[in-house]
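Residue numbering for the sequence shown follows numbering that gives the first Met the number 0, starting at 0 and increasing by one per position.
Here a beta-carbon is modelled for each residue, glycine too, at the ideal position from N, C-alpha and C.
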Amino acid sequence: MEAPVTLPGLTVRFLPEEAALENVMAQIKEGTAAFSVYALARLFLQKPERYDVRVAAAEDQAPIFRLGEAGPVSMDRGVLESAAFRTLRDQFYQSEVTTAEPVKGNFTSVARERTTGTLLGPTNYHGYQPQLRKLYEQRFRRRLSFPEFQRQIEIVADPALVEQWKEEVRKSTSFTTRDAETPLTFTSETEAERHFRDNHLSNQIQETREAVIDGVTSRNLRDRGIARLIENFWASEVRSPSNMMQELTAKFRTGGLHIFRHRRGMLFVSPIRPKAIEEGAVSESVRRILELIKETPRIRRKDLADKLIAPETNPDESSKARMALASDLRFLVREGHVVEFNDGTLDSPRVKPPKPEGDAAAPAPAAVAESAHVEPAAVAPGENTDNHS
Numbered sequence: 000m001e002a003p004v005t006l007p008g009l010t011v012r013f014l015p016e017e018a019a020l021e022n023v024m025a026q027i028k029e030g031t032a033a034f035s036v037y038a039l040a041r042l043f044l045q046k047p048e049r050y051d052v053r054v055a056a057a058e059d060q061a062p063i064f065r066l067g068e069a070g071p072v073s074m075d076r077g078v079l080e081s082a083a084f085r086t087l088r089d090q091f092y093q094s095e096v097t098t099a100e101p102v103k104g105n106f107t108s109v110a111r112e113r114t115t116g117t118l119l120g121p122t123n124y125h126g127y128q129p130q131l132r133k134l135y136e137q138r139f140r141r142r143l144s145f146p147e148f149q150r151q152i153e154i155v156a157d158p159a160l161v162e163q164w165k166e167e168v169r170k171s172t173s174f175t176t177r178d179a180e181t182p183l184t185f186t187s188e189t190e191a192e193r194h195f196r197d198n199h200l201s202n203q204i205q206e207t208r209e210a211v212i213d214g215v216t217s218r219n220l221r222d223r224g225i226a227r228l229i230e231n232f233w234a235s236e237v238r239s240p241s242n243m244m245q246e247l248t249a250k251f252r253t254g255g256l257h258i259f260r261h262r263r264g265m266l267f268v269s270p271i272r273p274k275a276i277e278e279g280a281v282s283e284s285v286r287r288i289l290e291l292i293k294e295t296p297r298i299r300r301k302d303l304a305d306k307l308i309a310p311e312t313n314p315d316e317s318s319k320a321r322m323a324l325a326s327d328l329r330f331l332v333r334e335g336h337v338v339e340f341n342d343g344t345l346d347s348p349r350v351k352p353p354k355p356e357g358d359a360a361a362p363a364p365a366a367v368a369e370s371a372h373v374e375p376a377a378v379a380p381g382e383n384t385d386n387h388s
């Protein structure tokens with residue numbers, strides 16, 4: 000049974016990933032629709048490719064260790080040291096895979112690690128013990144003793160697995176240093192890692208009080224304490240994404256978009272600033288549109304047309320009336336006098352009640368994080384939805 004995970008006292012905040020955010024803002028600016036900030040925040044949190052994670056330690060806490068400029072983080076320097084070569088290998092070494100002659104010998108079984116499915120080879124093969132030790136050092140040393148790890152090894156008498164191991168063991172990888180006047184080539188991963196530790200490792204791990212990592216990296220941290228902490232914060236943020244909403248509203252405003260509150264105080268973002276219109280200064284057709292939308296909030300264009308254009312109207316006149324209605328609606332939406340949401344519904348802008356005379360200005364209400372009544376269009380690359388856990 001694994002020991003309980005100790006959660007570090009770090010603060011965690013989720014940020015919209017820059018490319019995904021640019022994509023969202025471009026989509027909003029291309030149209031005239033208003034999107035729920037709450038729903039957009041939830042969509043950013045759905046996929047790790049769409050968000051970054053900022054972790055921070057207070058001044059009186061232990062520092063955070065970070066691998067490389069954008070790599071994983073840990074509260075334990077040793078965790079990063081053990082994973083440093085595999086994480087940064089391609090940055091410092093060029094690898095080449097070669098295939099040797101088939102393995103000679105009559106083998107009827109192969110050892111396999113149960114939890115990962117890694118084939119280690121027959122126990123009487125000369126490379127079995129080094130492979131066993133290598134797997135333990137790379138993946139299990141931090142949470143299991145070597146005897147406990149050995150109990151996870153099973154012997155499988157399966158001809159297909161024996162053949163699979165034979166093909167795997169034929170392949171060997173050499174590593175050649177990059178950016179060196181005299182490139183060095185190592186015929187084994189062990190030799191290359193030793194060279195990396197002697198020449199690069201000390202410069203690749205830094206202490207910091209704050210680090211931002213991408214969402215994908217956050218799901219694959221070897222530090223189980225930070226990984227669990229991020230997962231807990233993620234679950235809480237998905238339920239009520241107030242922090243992500245704050246990040247998005249700030250970015251949207253900086254990008255020239257408009258944030259406004261609508262029914263129930265919910266936040267929306269739009270390329271158009273909603274504003275009321277003096278109905279006395281508009282044409283009769285526009286006045287009828289505004290009155291019907293006010294009487295029937297969340298009405299759709301088709302329903303609006305059906306109510307304003309009599310069914311007995313002849314086809315030619317009906318077509319002209321619908322074109323005129325579309326023109327009037329386009330004007331009203333683009334001027335902000337009618338709000339069109341991205342689900343196709345229409346509504347009047349929210350009008351603030353007049354302030355009582357003599358009263359001080361009331362503070363703006365806090366952001367409301369509740370279920371949105373419109374769902375935005377796709378906002379980031381990829382179509383599959385998934386959960387953090």
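Excluding the 5 residues flanking it on each side, Arg-221 has same chain C-beta neighbours closer than 6 Å at Val-78, Ala-82, in chain order.
Under the three-state reduction of DSSP output, Phe-34 falls in the strand class.
Below 8 Å, too few C-beta pairs join the stretch 89-108 and the stretch 237-245 to call them touching: fewer than three.
Residue pairing by DSSP places Pro-15 opposite Tyr-50 in a beta bridge.
In the three-state reduction of the DSSP assignment, Phe-232 falls in the helix class, which pools H, G and I.
For His-194, the three-state secondary structure derived from DSSP is helix. Assignment of Thr-117 by DSSP, reduced to helix, strand and coil, places it in the coil class.
Here the alpha carbons of Ile-288 and Ala-275 stand approximately 14 Å from one another. Residues of the same chain with a CB within less than 8 Å of the CB of Ser-317, apart from the 5 flanking positions on each side, are Ile-308 in chain order.
The three-state secondary structure of Leu-9, taken from DSSP, is coil.
In this model, Arg-132 and Leu-160 are separated by some 21 Å (Cα to Cα).
By the neighbour-count criterion, in which 16 or more other beta carbons inside 10 Å mark a residue as buried, Phe-84 falls on the buried side. Taking the CA atoms as reference points, Ala-280 sits about 27 Å from Ile-258.
CA-to-CA, the gap between Phe-330 and Phe-251 works out to about 24 Å. Between the alpha carbons of Thr-253 and Arg-41 lies a gap of roughly 21 Å.
Selection Asn-123, Glu-95, Phe-106, Glu-153 evaluated against Thr-115 yields Glu-153 as nearest (Cα-Cα).
Excluding five sequence positions before and after Thr-207, the CB atoms of its chain that fall closer than 7 Å to its own CB belong to Pro-62, Ile-63, Arg-65, given in chain order.
A contact is defined here as three or more CB-CB pairs under 8 Å, and the stretch 17-31 fails this definition with respect to the stretch 186-194. Within its own chain, the residues whose Cβ lies closer than 7 Å to the Cβ of Pro-7, once the five positions on either side in sequence are excluded, are Met-74, Gly-224, Ile-225, Leu-228, listed in chain order.
Contact annotation, Ala-55 with Thr-10: C-beta distance approximately 5 Å; criterion of less than 8 Å satisfied. Between Val-215 and Pro-15, the CB-CB gap reaches or exceeds 8 Å.
The residue from Arg-286, Ile-271, Ala-320, Ala-304 with its alpha-carbon nearest to that of Glu-29 is Ile-271.
Looking at the backbone, the Cα of Pro-3 and that of Arg-262 are separated by about 46 Å. Per DSSP, reduced to three states, the secondary structure at Phe-148 is helical.
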